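A.B. asks: Dumping the structure here so I can ask a few things about it.
There are 2 protein chains.
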Amino acid sequence: MNPKLQWLRNTMSSLDLQGLIISNPVNVRYLTNINAEGILLLTRKENIYITDSRYIEHVHSILTLYDEIIVYDIKDVSKEDYENFFMFCENVGFEENYVTYAKYKEYIRKYKINSLVETDNIIEKQRMIKDEEEIKNIKRACEITDNCFTHILSYIKPGMTEKQIADEIERYYKENSDGLSFETIVASGENSSKPHAVPTDRKIQDVDIITIDMGCKVNGYCSDMTRTFFVGEVPEYVKPVYDLVLKNQTQTTDDFKDGASTRLLTKMVENDFKLNGYDLVHALGHGVGMEIHEAPYINYKTDVSLKENMVVTNEPGIYIPGKFGVRIEDTVQITKFGCINLTNSEKNYIII
Amino acid sequence: MNPKLQWLRNTMSSLDLQGLIISNPVNVRYLTNINAEGILLLTRKENIYITDSRYIEHVHSILTLYDEIIVYDIKDVSKEDYENFFMFCENVGFEENYVTYAKYKEYIRKYKINSLVETDNIIEKQRMIKDEEEIKNIKRACEITDNCFTHILSYIKPGMTEKQIADEIERYYKENSDGLSFETIVASGENSSKPHAVPTDRKIQDVDIITIDMGCKVNGYCSDMTRTFFVGEVPEYVKPVYDLVLKNQTQTTDDFKDGASTRLLTKMVENDFKLNGYDLVHALGHGVGMEIHEAPYINYKTDVSLKENMVVTNEPGIYIPGKFGVRIEDTVQITKFGCINLTNSEKNYIII
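Protein chains in written order, with this note's numbering: chain A, 7 to 358; chain B, 7 to 358.
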């Protein structure tokens, strides 16, 4: 059986789950490489994937015998088959954070399950730790992002609009990767003070500040990077803010390591910002993988201990409403003794 | 109060619902024009929208006094406030087809609701009948789609790839509308035999068949149109299939009217296809509005009676596996005595 399914089955045993219904297509793809519409059932003895005629061919081309997954066309699965899948299972798990209430009730009816139980993100937790192949894909997506950033620095000219710049990034990613991992943020001038700005028709000025938050996908895996940079010159009033963000981004990079508490990491940055009269208005970071935002989340709401081979972002930012903002973000891989930057674009003042 | 909220409140009364929690952002936007992250609560006496600081400004700029919606910043809503919202309500409805099982349990806890009940798509059903403003937006999206199709016919040249054509459609829509309403299908040659084909690097030949399924958005409302057309000439073996699809698409257009049964409409087309040795492998059509696929669905699984001012697609198709396919689709508005085509591109043989 493939190692991801095997790991999941071990976790299921420890939780006394004899069956599992996996409906979230991201989780199905993670466990099987199948990128289709369908449902994955882990029964006592078998791994079963049910899909429809549109995808059967694709699914067979992806799976090997080694996966030990039986594929059914949905039109060949009878009412009795559904009732038999989990017949001798006491507890069957489902994804309560993905499955709607209506589907939950349908599952109980269709599979005749006595005890359909919540699984508290069992697969999302497994996904936090990346294997070699996953890290390779994220690394590649990060490299392409560094290259795209280099390209875009030479592309930007005063007079261009934020939208034009975002379109060029999308064009570059379409040509060199599997496309955007999220809608690019290009925020210039006072727009840079909005952490979640959407590209507008504002034109780049001769002296300007620009924040770009960008990422792409490779084989289903994402990259995520932000840089704030300057056109013409770095205004004096921006320098102390930029330096403070950069100092914290660099320092925490040393502290992002196996065993570090996400709550403490966030607190450290927040304290330093507060000492200087600023606030940390959004999370310090988040996991990156098949989804651009996934567990673990680095904030003080949840306290998670970072582990080797987690891949997360480190993205402190300061925003002065109506004036400007600075954010510096890298995607990093956690190791036993620190972390490895997977995005490596320049972080000192960039002036174009 | 705005008429959409008033209509919904009347339906709630008839269903003995004293409260309603609306979480689906599409439904919130439909009822309020608010395009943000938040939750809309209809309590016994008030309409309440809870959002966060990022959206407060936008929300206030959208709403008027006439809407009678009270806006809260989520950070100002206390535990007690949540418990008070539905205090004297016996039945509070929620969207069981949108809300996850985890959220359902959270709602019960947070709002202290005794009876949180399923509402069987109460808002989606209301959304089936479009008002004047909604139809105006869909009409505009359909006009732009007709124009885009005219443009693309003169743009396509042998040697171009399906992807290039899809990119040009996206570029056109970005320039002239609020963007794509779904990922464009450009399927040429044998790819046209797949109803849900994704654009590939296949190059258009000197003699070729191309199916394009396309649509855009205007003020949140979608258009949807498909044409199958030809490069060089119409192969003789395609003509009978094309003629059969066109005949059925045109005939049913006369039958798409107030009172028509979606099941019977589907049956009629299926019977005629079967008489000629073919199958109807997908639904005959679907509602179009804020979502590209919405109620009513025109197939034989559900029997809905079409009503005046529903907007639906009429899209029969025949697919010969590994060879070619033909689909002709219009977006139409249902009236008392028939229907009005909102997309109006040529349906007789198009040869470029």
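We put the CB at the ideal spot given by N, CA and C, even for glycine. What you are looking at is a predicted structure, and each value in this text was computed from that prediction instead of being measured.
Of the residues Ala193(A), Glu149(A), Glu86(A), Asn30(A), which one's Cα is nearest the Cα of Val332(A)?
C.D. replies: Here residue 332(A) refers to the residue found at position 326 when the first sequence is read from its first residue. Cα-wise, what sits closest to Val332(A) is Ala193(A).
A.B. asks: Whole angstroms is fine: what's the gap from Glu314(A)'s alpha carbon to Cys228(A)'s?
C.D. replies: The sequence position of residue 314(A) within the first sequence is 308, counting from 1. The sequence position of residue 228(A) within the first sequence is 222, counting from 1. About 19 Å.
A.B. asks: Please report the distance separating the alpha-carbon of Asp212(B) from that of Ser187(A).
C.D. replies: Counting from 1 along the second sequence, the entry for residue 212(B) is found at position 206. Counting from 1 along the first sequence, the entry for residue 187(A) is found at position 181. Their backbone Cα atoms lie some 37 Å apart in a straight line.
A.B. asks: Cα separation between Asn33(A) and Leu48(B)?
C.D. replies: In the first sequence, the residue the question calls residue 33(A) occupies position 27. In the second sequence, the residue the question calls residue 48(B) occupies position 42. Roughly 35 Å between the two C-alpha positions.
A.B. asks: Kindly provide the ranges of any alpha helix (DSSP H) runs that are 4 or more residues long and lie completely inside the segment 248 to 336 of chain B, ordered along the chain.
C.D. replies: Correct list: 268 to 281.
A.B. asks: Taking 8 Å as the CB-CB cut-off, is Tyr110(B) touching chain A?
C.D. replies: Position 104 of the second sequence holds residue 110(B). Closer than 8 Å: yes.
A.B. asks: For chain B, check one thing: does any of its Cβ atoms lie closer than 8 Å to the Cβ of Arg115(A)?
C.D. replies: Within the first sequence, the letter at position 109 stands for residue 115(A). No, Arg115(A) does not count as interfacial toward chain B.
A.B. asks: Chain A beta carbons: is any one of them nearer than 8 Å to that of Val105(B)?
C.D. replies: Residue numbering aside, residue 105(B) sits at position 99 when the second sequence is read from its first letter. Chain A, which has a Cβ nearer than 8 Å to the Cβ of Val105(B), makes this yes.
A.B. asks: Mind checking Arg115(B): buried by the 16 CB within 10 Å criterion, or exposed?
C.D. replies: By one-based count along the second sequence, residue 115(B) stands at place 109. Under this definition Arg115(B) is an exposed residue.
A.B. asks: When you compare each of Leu290(B), Val275(B), Trp13(B) to Gly283(B) by their alpha carbons, which one comes out closest?
C.D. replies: Here the question's residue 283(B) lines up with position 277 in the second sequence. Checking every option, the nearest Cα to that of Gly283(B) belongs to Val275(B).
A.B. asks: Quick one: which chain A residues come within Cβ less than 7 Å of Arg60(B)?
C.D. replies: Start at 1 with the first residue of the second sequence, and residue 60(B) comes out as number 54. Those within 7 Å of Arg60(B) in chain A are His202.
A.B. asks: Can a CB atom of chain A be found closer than 8 Å to the CB of Glu102(B)?
C.D. replies: In the second sequence, the residue the question calls residue 102(B) occupies position 96. Closer than 8 Å: yes.
A.B. asks: Please list the terminal residues of the continuous beta strand (DSSP E) segment that includes Asp219(B).
C.D. replies: Here residue 219(B) corresponds to residue number 213 of the second sequence, with the count starting at 1. First-last of the beta strand (DSSP E) with Asp219(B): 214 to 220.
A.B. asks: On a CA-only basis, which of Tyr179(A), Glu300(A), Ile141(A), Asp137(A) is nearest Thr151(A)? Give me that one, please.
C.D. replies: In the first sequence, counting from the first residue as 1, residue 151(A) sits at position 145. Ranking the options by Cα distance to Thr151(A), first place goes to Tyr179(A).
A.B. asks: Please confirm whether Arg269(B) and Tyr306(B) have their CB atoms less than 8 Å apart.
C.D. replies: Counting from 1 along the second sequence, the entry for residue 269(B) is found at position 263. Counting from 1 along the second sequence, the entry for residue 306(B) is found at position 300. Yes, the Cβ-Cβ distance between Arg269(B) and Tyr306(B) is below 8 Å.
A.B. asks: Is the segment 96 to 107 of chain B touching the segment 122 to 141 of chain B, taking contact as three or more C-beta pairs under 8 Å?
C.D. replies: Enough Cβ pairs lie closer than 8 Å, so yes.
A.B. asks: Just to confirm the assignment, what range does the alpha helix (DSSP H) spanning Glu124(B) have?
C.D. replies: Stepping through the second sequence from its first residue, residue 124(B) is reached at position 118. Note, Glu124(B): premise wrong, no alpha helix (DSSP H); beta strand (DSSP E) at 122 to 124.
A.B. asks: Where do the N-terminal and C-terminal ends of the beta strand (DSSP E) with Thr106(B) fall, by residue?
C.D. replies: Locating residue 106(B) in the second sequence gives position 100, counting from the first residue. No beta strand (DSSP E) holds Thr106(B); DSSP gives it neither H nor E.
A.B. asks: Which residue or residues does DSSP assign as beta-bridge partners of Ser194(A)?
C.D. replies: Taking the first residue of the first sequence as position 1, residue 194(A) is located at position 188. Paired residues: Ile216(A).
A.B. asks: I'd like to check one pair, Met134(A) with Ala266(A): are the Cβ atoms closer than 8 Å?
C.D. replies: Here residue 266(A) corresponds to residue number 260 of the first sequence, with the count starting at 1. Here residue 134(A) corresponds to residue number 128 of the first sequence, with the count starting at 1. Contact: no.
A.B. asks: Excluding the 5 residues preceding and the 5 following Cys154(B) in the sequence, name in chain order all residues of the same chain whose CB lies nearer than 8 Å to its CB.
C.D. replies: For the purposes of this step, residue 154(B) is taken as residue 148 along the second sequence, with counting starting at 1. Contacts found: Ile175, Tyr178, Tyr179, Asn182, Met220, Cys222.
A.B. asks: Consult DSSP for Val34(A) and reduce its assignment to one of helix, strand or coil.
C.D. replies: Start at 1 with the first residue of the first sequence, and residue 34(A) comes out as number 28. Three-state DSSP puts Val34(A) in a helix.
A.B. asks: Gly238(A) and Asp214(A) - do their beta-carbons sit closer together than 8 Å?
C.D. replies: Translated into the one-based positions of the first sequence, residue 214(A) becomes position 208. Translated into the one-based positions of the first sequence, residue 238(A) becomes position 232. Cβ atoms of Asp214(A) and Gly238(A): closer than 8 Å.
A.B. asks: Considering Tyr55(B), what are the terminal residues of the beta strand (DSSP E) in which it resides?
C.D. replies: Residue numbering aside, residue 55(B) sits at position 49 when the second sequence is read from its first letter. Unbroken beta strand (DSSP E) run through Tyr55(B): 53 to 57.
A.B. asks: According to DSSP, simplified to helix, strand and coil, what is Phe188(A)?
C.D. replies: Position 182 of the first sequence, counting from 1, holds the residue named residue 188(A). Coil at Phe188(A), not helix or strand.
A.B. asks: Roughly how many angstroms separate the alpha carbons of Val123(B) and Ile210(B), rounded to a whole number?
C.D. replies: As a working note, residue 123(B) is residue 117 in the second sequence. As a working note, residue 210(B) is residue 204 in the second sequence. Between Val123(B) and Ile210(B), the C-alpha separation is close to 54 Å.
A.B. asks: Does Thr341(B) come out as helix, strand or coil in the three-state DSSP assignment?
C.D. replies: Translated into the one-based positions of the second sequence, residue 341(B) becomes position 335. Thr341(B) falls in the strand class under three-state DSSP.
A.B. asks: Would you tell me roughly how many angstroms separate the C-alpha atoms of Lys51(B) and Met18(B), rounded to the nearest one?
C.D. replies: Translated into positions along the second sequence, residue 51(B) becomes position 45. Translated into positions along the second sequence, residue 18(B) becomes position 12. Using only the alpha carbons, I get a separation of about 13 Å.
A.B. asks: Just to confirm before moving on: does the CB-CB distance between Tyr88(B) and Ile27(B) stay below 8 Å?
C.D. replies: For the purposes of this step, residue 88(B) is taken as the residue at position 82 of the second sequence. For the purposes of this step, residue 27(B) is taken as the residue at position 21 of the second sequence. In this structure, Ile27(B) does not lie closer than 8 Å to Tyr88(B) by Cβ.
A.B. asks: Thinking Glu96(B) and Ser121(B) are a contact (beta carbons under 8 Å), I'd like their distance in whole angstroms, please.
C.D. replies: Locating residue 96(B) in the second sequence gives position 90, where the first residue counts as 1. Locating residue 121(B) in the second sequence gives position 115, where the first residue counts as 1. Between Ser121(B) and Glu96(B) the Cβ distance is about 6 Å, and since that is below 8 Å, they are a contact.
A.B. asks: What's the C-alpha gap between Ile141(A) and Thr341(A)?
C.D. replies: Within the first sequence, numbered from 1, the residue matching residue 141(A) stands at position 135. Within the first sequence, numbered from 1, the residue matching residue 341(A) stands at position 335. Distance between the alpha carbons of Ile141(A) and Thr341(A): 12 Å.
A.B. asks: Could you check if Gln339(A) is buried or exposed, using at least 16 other CB atoms within 10 Å of its CB as the buried criterion?
C.D. replies: Your numbering for residue 339(A) matches position 333 in the first sequence. Gln339(A) is buried by the Cβ-count criterion.
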